[in-house]
Amino acid sequence: MTLDVLGINLAESAFQLHGVNAADRVVLKRRVACD
Numbered sequence: 002m003t004l005d006v007l008g009i010n011l012a013e014s015a016f017q018l019h020g021v022n023a024a025d026r027v028v029l030k031r032r033v034a035c036d
């Protein structure tokens, strides 16, 4: 898995990670809750 772009969305109760490779295909999509 090669990641070229990583986006992070910060919110109050959770944050999300979104990663794409050189071909603009999604290779990472995670939602993590903050306690």
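The working numbering applies: residue 2 is where the sequence shown begins, and numbers increase by one.
All C-beta atoms, glycine included, are put in the ideal place defined by N, C-alpha and C.
Note that the coordinates shown come from a computational prediction; the quantities given were computed from them, not determined experimentally.
Handout entry: Host beta strand (DSSP E) of L4 (start-end)
Key = Premise fails: L4 is in no beta strand (DSSP E) and is neither H nor E.
Practice task
Take H19 and list the residues in its own chain whose beta-carbon comes closer than 6 Å to its own, dropping the five residues that flank it on each side.
Solution key: G8, K30
Exercise for the section: Whole angstroms is fine: what's the gap from L17's alpha carbon to D36's? Expected result: The identity of residue 17 in the sequence shown is Gln, whereas the question assumes Leu. Answer to the nearest angstrom: the Cα atoms are 14 Å apart.
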